[in-house]
Amino acid sequence: MAIGKLNLKVPRVRSGSGFRPALLPEKWKRFDKNMENLLLAMLTNGYSRSEIERSLKSLNIPYSEERLDELASLIHDRFEVYKTSDLPNKMFAVFIDAYHAKMRDDKMKDIHIFTALGIDLEGNKSILGFWVNDGSESKGTWSDIFQDLINRGLKRVVLFVTDDFPGVKEIISKLYPLADHQLCWVHFTRNLRRHLSKAEYAEIKEDLYMAKNSKNEKDGEKHLEDLCNKIKVKHKDLAERIEDRKDNY
Numbered sequence: 001m002a003i004g005k006l007n008l009k010v011p012r013v014r015s016g017s018g019f020r021p022a023l024l025p026e027k028w029k030r031f032d033k034n035m036e037n038l039l040l041a042m043l044t045n046g047y048s049r050s051e052i053e054r055s056l057k058s059l060n061i062p063y064s065e066e067r068l069d070e071l072a073s074l075i076h077d078r079f080e081v082y083k084t085s086d087l088p089n090k091m092f093a094v095f096i097d098a099y100h101a102k103m104r105d106d107k108m109k110d111i112h113i114f115t116a117l118g119i120d121l122e123g124n125k126s127i128l129g130f131w132v133n134d135g136s137e138s139k140g141t142w143s144d145i146f147q148d149l150i151n152r153g154l155k156r157v158v159l160f161v162t163d164d165f166p167g168v169k170e171i172i173s174k175l176y177p178l179a180d181h182q183l184c185w186v187h188f189t190r191n192l193r194r195h196l197s198k199a200e201y202a203e204i205k206e207d208l209y210m211a212k213n214s215k216n217e218k219d220g221e222k223h224l225e226d227l228c229n230k231i232k233v234k235h236k237d238l239a240e241r242i243e244d245r246k247d248n249y
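As structure tokens, this is what we get:
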């Protein structure tokens, strides 16, 4: 239905851009699911806000500080729910490892991120939790980690697999006395490479191979003892540490 003509004068600006009537709200910027996933990926991969802003502007994508705050809050909330979620009562195996990284707070600092991966009795894998520590690894750190697993419901574990972290052996024996504790062979060989010269490592390489592939515990212990005898003259502390933990390898 028409009611006649309306003569409307539209204001013009010479610059052709930058003008927006004060009565109108800010331009609506579309953030679809793909855009949200992109920002989430950049945040979780450690991009700073300035890096995100530069990257988006280079792609001619609008940048919203408010939207970024919302997503950062969403990530934090998801992490909190994840870190406090209930765990199964039983696990066949739990693998725990640490990642060394740097984090910018007021200044750059070294941190350790500990992650626990579990395999249930049906063979399904899942991340059980992660813990950030800005100090050195200690018995107190491990006590907090294992106590958190217990508090969230994990009461029985058949096997723990870890690196030879300070204090972890004692804590597992105390809090999970029925669990076996396997020290990671990959970390073991890396530590030997780091402490021994190339010539020294070449001398014990065969003992390492035979110990790892032994058909029974007795043979495995013998090859580890042979290894320790070869390095104890120059590396007494290292040899004694291996002998003390040979049952865990």
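Numbering (our numbering), first residue to last: 1 to 249. Think of the CB as a built atom: it goes at the ideal place given N, C-alpha and C, for glycine as much as any other residue. These numbers were taken from a predicted model, which means no experiment stands behind them.
Can you grab the Cα-Cα spacing for the pair residue i / residue j, in whole Å?
i, j, result
"Y99", "R193", "19 Å"
"W28", "L71", "Note that W28 has pLDDT 46, beneath the 50 cutoff, so the model's placement of it is unreliable and the number below is only indicative. The alpha-carbon atoms of W28 and L71 are separated by roughly 18 Å."
"N89", "I119", "12 Å"
"R152", "M103", "28 Å"
"L121", "L87", "14 Å"
"L128", "K232", "39 Å"
"E225", "V81", "47 Å"
"F227", "K169", "Note on residue identity: the sequence assigns Leu, not Phe, to residue 227. Between L227 and K169, the C-alpha separation is close to 22 Å."
"R78", "T84", "10 Å"
"L59", "T44", "20 Å"
"S214", "S126", "31 Å"
"I172", "F146", "8 Å"
"K236", "K155", "38 Å"
"K33", "E217", "55 Å"
"N37", "L208", "46 Å"
"D244", "E221", "11 Å"
"E240", "S55", "53 Å"
"K212", "I61", "54 Å"
"H76", "E51", "20 Å"
"V186", "A101", "20 Å"
"K234", "K246", "19 Å"
"A41", "K57", "17 Å"
"N7", "M35", "42 Å"
"D219", "K107", "52 Å"
"M210", "T162", "22 Å"
Can you find a CB in chain C that lies within less than 8 Å of the CB of residue i?
i, result
"G153", "No chain C appears in this structure, which consists of one protein chain only."
Measure how close the beta-carbons of residue i and residue j come, nearest whole angstrom, since I'm counting them as under 8 Å.
i, j, result
"D134", "K109", "6 Å"
"G92", "L159", "Checking the sequence, you will find Phe at residue 92 rather than Gly. Sure, about 7 Å apart at Cβ, within 8 Å."
"N248", "L183", "4 Å"
"L74", "L39", "No, L74 and L39 are not in contact; Cβ-Cβ is about 10 Å, not under 8 Å."
Sort the options by Cα distance to residue i and report the nearest one.
i, options, result
"V132", "T141, S126, E51 and N124", "T141"
"N229", "E66, I242 and K174", "I242"
"R190", "A211, K107 and D164", "D164"
"H223", "K205, S173 and E240", "K205"
"D97", "S55, V81, K107 and L117", "L117"
"Y63", "N34, V161, N213 and R49", "R49"
"I111", "F95, G123 and F130", "F130"
"V269", "N124, L39 and H187", "This structure cannot settle anything about residue 269, because the visible part of the chain is limited to 1 through 249."
"P166", "K139, W185, Q147 and V157", "K139"
"E65", "K234, K246 and E53", "E53"
"L175", "K57, L149 and N7", "L149"
"F188", "L56, K234 and L238", "L238"
"D105", "V161, V157 and G46", "G46"
Name the one or two DSSP bridge partners that residue i has.
i, result
"T115", "D97 and F130"
"R104", "M108"
"T189", "In DSSP, T189 forms no bridge with anything."
"L159", "A93 and D180"
"K125", "I119"
Discussion item. Three or more C-beta pairs under 8 Å: does that hold for the segment 200-207 against the segment 178-185?
Written reply: Judged by Cβ distances under 8 Å, the segment 200-207 makes no contact with the segment 178-185, as fewer than three pairs qualify.
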